[in-house]
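Numbering (the working numbering), first residue to last: 10 to 136.
Quick reminder that beta carbons are idealized off the backbone N, C-alpha and C, glycines included.
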């Protein structure tokens with residue numbers, strides 16, 4: 010039996026349930042293929058360049074590439090969660106690349122594929 014205060018990094022059922030809830034709530038008017046793909050992913054919020062960004066973990070490269078072609082609904086989704094009127098619409102659509110052992114992300118700020126480390130430049134005062 011494991012310590013109850015130790016998180017189980019492999020059980021992501023809560024994160025998955027929250028993502029599915031967000032898909033149901035905010036993408037109900039979107040195309041069905043987009044909703045189906047988003048249900049395979051996990052959403053989280055991150056901060057890059059002192060702005061909020063939506064980080065989408067995709068199960069594989071094919072899903073990430075397909076989402077990278079349909080970024081407008083995702084960017085609008087990010088803006089809904091910001092308190093500022095001029096909020097960032099930045100989205101990072103990522104997948105884990107096994108051979109390299111790193112996360113590759115499509116960054117809507119530059120419309121280019123990058124390594125996750127280059128997308129998340131730490132800023133002073135965040136921690």
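Measure the C-alpha to C-alpha separation of residue 81 and residue 48 and round it to an integer number of angstroms. 17 Å
Out of 43, 99, 104, 67, point me to the one whose CA is closest to residue 87's CA. 99
Pull up the distance between the alpha-carbon of residue 77 and that of residue 71, whole angstroms please. 10 Å
For residue 54 versus residue 63, is the C-beta spacing smaller than 8 Å? yes
Quick check on residue 131: does DSSP put it in helix, strand or coil? Caution applies to residue 131, whose pLDDT of 49 falls short of 50 and renders its modelled position unreliable; the value that the coordinates give is listed next. Residue state, collapsed to three classes: coil.
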